[in-house]
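Read through the structure below, which is laid out as structure tokens, and then see the notes.
Residue numbers (our numbering): 14 to 330.
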């Protein structure tokens, strides 16, 4: 009997844990009864009662397993770590806030059985903030334009992954992984299922500006070289224009020595313009250096504090 592992990264999902379990169990009982399964909740050290709810489920169902991180390691690191915990022939990743429908699992499994190693969900509509959805669209277009690896738009990791692909992900030693890019780069002809994303069960998404900015910078520094090269080109172009402008000013000053006014305003504007460009690219350079520094340190993705219903011989946890 084939086994499906369901991995669920969680943060402040006390209201969703039981409902997520009930909906997943209904899928396995009604549509996937010929599969063995395990449901793994991974709590990224939530400040609410998320872990208590996971403990309750682990007591009543041994197919449910729980992992508690020693501290909050952040969205990107926790999500990538969850892919490594499953022991099944395929791993289904879904976020704990129930924005993505668990019922699509049966459709994913059907395509997986047809031979697709990676079956992923792509949002075509979302009940989240329209401004946020537009912002994500612009980001995906930006990174797709500059990246050598084609990025999948409106994809958050929701999908089913064959064990062969999971084994590839386990070999990646990156303490600051951009898992969306990794999946886009290494997935073998993924099958895409489109769906409408619901509002978060907690009423609002767990993502904020700083979390989204952090994830965006990891993606940009991991999969684009364009910004660094753009700094060189922009600097060279501005240098040429500055030299030509200086020659023009010098000649004009010689020809109109007594009539040529002192251009205080234009000088100030030029200084601020050049300074703004310099600060922008220094900031971009800093993001790349920060990314390099994080990877050189080779810290573990996460540190696990507790685990429930796992075999003690399971070396992956």
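All residues carry an ideal CB built from backbone N, CA and C; glycine is no exception. Computed from a prediction, not measured in an experiment: that's the story for all the values here.
Which class does residue i belong to by DSSP, given the choice of helix, strand or coil?
| i | result |
| --- | --- |
| residue 207 | strand |
| residue 250 | helix |
| residue 5 | No answer is possible for residue 5: the residues shown for the chain start at 14 and end at 330. |
| residue 318 | strand |
| residue 144 | helix |
| residue 45 | coil |
| residue 326 | Note that residue 326 scores 46 on pLDDT, short of 50, meaning its location in the model is unreliable; the coordinates nonetheless yield the value given after this. Correct three-state label for residue 326: coil. |
| residue 106 | strand |
| residue 57 | coil |
| residue 123 | helix |
| residue 129 | coil |
| residue 297 | helix |
| residue 163 | coil |
| residue 191 | coil |
| residue 313 | coil |
| residue 135 | strand |
From the options, pick the residue whose C-alpha is nearest to that of residue i; which is it?
| i | options | result |
| --- | --- | --- |
| residue 165 | 189, 140 and 131 | 131 |
| residue 86 | 286, 23, 247 and 124 | 23 |
| residue 192 | 209, 211, 95 and 176 | 95 |
| residue 42 | 106, 76 and 179 | 76 |
| residue 321 | 247, 72, 187 and 47 | 72 |
| residue 51 | 40, 129 and 284 | 40 |
| residue 323 | 56, 60 and 98 | 98 |
| residue 47 | 28, 70, 91 and 15 | 15 |
Less than 7 angstroms between the CB of residue i and some heavy atom of the ligand GTP, yes or no?
| i | result |
| --- | --- |
| residue 55 | Questions concerning the ligand GTP fall outside what the structure shown contains, since it holds no ligand whatsoever. |
Between residue i and the rest of its own chain, which residues show a CB-CB distance below 8 angstroms, the 5 nearest in sequence each way excluded?
| i | result |
| --- | --- |
| residue 45 | 17, 118, 119 and 122 |
| residue 199 | 178, 181 and 182 |
| residue 135 | 165, 166, 167, 168, 205, 206, 207 and 208 |
Within its chain, find whatever has a CB closer than 6 angstroms to the CB of residue i; leave out the 5 residues flanking it on each side and keep chain order.
| i | result |
| --- | --- |
| residue 137 | 207 |
| residue 84 | 58 |
| residue 54 | 21, 23, 67 and 79 |
So residue i and residue j are in contact, right, with Cβ under 8 angstroms, and what is the actual spacing, rounded?
| i | j | result |
| --- | --- | --- |
| residue 63 | residue 107 | About 15 angstroms separates the two Cβ atoms, so there is no contact after all. |
| residue 317 | residue 290 | Wrong, their Cβ atoms sit about 45 angstroms apart, outside the cutoff. |
| residue 203 | residue 133 | 5 angstroms |
| residue 184 | residue 140 | Their Cβ separation, rounded to whole angstroms, is 37 angstroms, which puts residue 184 and residue 140 out of contact at 8 angstroms. |
| residue 287 | residue 251 | 7 angstroms |
Cutting at 7 angstroms between CB atoms, please list the residues of its own chain near residue i, excluding the five before and the five after it.
| i | result |
| --- | --- |
| residue 328 | With a pLDDT of only 46 at residue 328, under the threshold of 50, the placement of this residue in the model should not be trusted, and no figure is reported. |
| residue 312 | 188 |
| residue 27 | 61, 62, 63 and 66 |
| residue 315 | 82, 86, 90, 91 and 94 |
Would you check if the stretch 99 to 111 and the stretch 166 to 180 touch, i.e. whether three or more CB-CB distances between them fall below 8 angstroms? Here the stretch 166 to 180 makes contact with the stretch 99 to 111; the two share three or more CB pairs at distances below 8 angstroms.
Tell me whether the stretch 109 to 116 and the stretch 30 to 37 touch, counting them as touching only if at least three CB pairs, one residue from each stretch, are closer than 8 angstroms. A contact between stretches requires three or more CB pairs, one per stretch, nearer than 8 angstroms, and the stretch 109 to 116 meets this requirement with the stretch 30 to 37.
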